[in-house]
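For the sequence shown, this note's numbering gives the first residue as 43, with consecutive numbering after it.
Notes follow once the structure below has been shown.
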Amino acid sequence: MPFADSKDFVQMTKPSTVSKNKQLEAQLLRMVVKEYQPFSLVEDAEFKRFVHMLCPAYNLPTRRILSNNILQTCFVEAMNKVRESFKMTSAVCLTMDSWTSINNEFFSCDGAFH
Numbered sequence: 043m044p045f046a047d048s049k050d051f052v053q054m055t056k057p058s059t060v061s062k063n064k065q066l067e068a069q070l071l072r073m074v075v076k077e078y079q080p081f082s083l084v085e086d087a088e089f090k091r092f093v094h095m096l097c098p099a100y101n102l103p104t105r106r107i108l109s110n111n112i113l114q115t116c117f118v119e120a121m122n123k124v125r126e127s128f129k130m131t132s133a134v135c136l137t138m139d140s141w142t143s144i145n146n147e148f149f150s151c152d153g154a155f156h
């Protein structure tokens, strides 16, 4: 794999820091959620190889850790941001819509405007 300079190589091979791991985990969760991927994606052999080629120092979380711990952490962080945002407003308009698909799947869409 060609590198522009030795800094690129060192950056790719040095151990991943805790803060970098948290960023990678949050981005992984964001990708899984936004692209409708199953949590089991992290256990796919080809996906593991791909991630290892990108960042050998990064260890993928298991699907259980991704779906329980990381999802919960990101949810709490998002809710805290929403709460802080609501503290700075004088009025909020909430909207909600829900429906069931032809496959009998329930969907719900919520919105808040301030």
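Cβ coordinates follow ideal geometry from the N, Cα and C atoms, glycine included.
- In the assembly as shown, residue 128 is an exposed residue. Its beta-carbon has fewer than 16 other beta-carbons within 10 Å.
- Leaving aside the five residues that flank residue 124 on each side, the residues in its chain whose CB is nearer than 8 Å to its CB run, in chain order, 154.
- Contact between residue 109 and residue 81 is confirmed by a C-beta separation of about 4 Å, below the 8 Å threshold.
- Between residue 94 and residue 131, the CB-CB gap reaches or exceeds 8 Å.
- In this model, residue 91 and residue 69 are separated by some 18 Å (Cα to Cα).
- Residue nearest to residue 72 within the set 114, 60, 86 and 87 is 114 (criterion: CA-CA distance).
- Residue 103 and residue 84 do touch by the CB rule: their CB atoms are close to 6 Å apart, below 8 Å.
- Rounded to the nearest whole angstrom, the C-alpha separation of residue 86 and residue 79 is 12 Å.
- The DSSP-derived three-state label of residue 150 is strand.
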